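Structure first, then comments.
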Amino acid sequence: MATSPNIDAFSHIVTRNPQMQDIIAKAKKFALLDAPLLIQGETGTGKDVIAKACHDFSARRNKEFLAVNCAGIPGEDAETEMFGRRNKDGEFIGFFEYADGGTVLLDGVEELPLTLQAKLLRFLSDGTFRRVGEEEEHYANVRVICTTQQPLQHYVEQGKMRSDLFHRLNVLTLNLPRLRERVEDIEPLARQFIREISEKLAISAPHFDAEFLHYLQQYPWFGNIRELYNALYRAVSLTK
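In our numbering, the protein residues as written are -2 to 237.
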């Protein structure tokens, strides 16, 4: 494993916002630890970007970074997907074992069934697990990063999250602001996205006047950074 931080891991994250700058500074400190990390924020606020930057900044950066959409795992297959299985047809490696030495991002961790949350809690405690159909203990050295769209306590109150897992995860936390709370970031983000989109479409970057940029800053962006990117993709595409 690499032993020193990758100083460029967060350099692509555009922000002039003091709150976001503080979050990045905190993320760099958290990235060097092995304890579970919880990133909370509305959809489109860049939780996955921060998670990947934390991995790239850490000593695990040359190992696997595996992002898992917890809502997309069928309930009956969830334990197998997470921990693997062994049966008469052979063995299947779960994503924790696959990412041994690296990082697993559990996107929407509250979507995991409560029974599986108990097994996740055990894994977070000592790194051990059992494949489905086995009694043998296995071990994986994995940094776990979890994301949620709402504060984790909300899901505990709804009965979707075990309180013991909540307390295990609610130690290192990053709460990402909405884009409408980062108005000063909208212009530099827009300029970066326009440049990236133009390169992707192999066209010259179009010029957008101050009135257009002012409109972007006034718009509420309920879908946050992702909505801004998609809107600019449409706008740039129409200039072709």
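Positions of the beta carbon are idealized from the N, C-alpha and C atoms, including for glycine. What you are looking at is a predicted structure, and each value in this text was computed from that prediction instead of being measured.
Along the segment 14 to 63, the alpha helix (DSSP H) occurs as fully enclosed runs of 4 or more residues at 15 to 28, 44 to 54, listed in sequence order. Inter-residue distance for residue 117 and residue 204 is about 50 Å (C-alpha atoms, whole angstroms). The C-beta separation of residue 32 from residue 173 comes to about 19 Å, leaving the pair out of contact by the 8 Å criterion.
Here residue 3 is near residue 58, since their CB atoms are less than 8 Å apart.
For residue 112, there is no enclosing beta strand (DSSP E); the enclosing alpha helix (DSSP H) covers residues 111 to 123. Here residue 167 is not near residue 41, since their CB atoms are 8 Å or more apart. Closest in alpha carbon position to residue 70, among 98, 36, 121, 105, is 105. Within the same chain, 107, 158 come within 6 Å of residue 152 by CB-CB distance, once the 5 residues on both sides are set aside. Taking all protein chains in view, the Cβ of residue 197 is surrounded by fewer than 16 other Cβ atoms within 10 Å, so the residue is classified as exposed.
Per the DSSP secondary-structure output, residue 198 pairs with nothing in a beta bridge.
Proximity of the segment 183 to 191 to the segment 211 to 229 meets the contact definition, three or more beta-carbon pairs being nearer than 8 Å. Distance between residue 131 and residue 91, taken at the CA atoms: about 13 Å. Contact annotation: residue 150 and residue 163 have beta-carbon atoms nearer than 8 Å.
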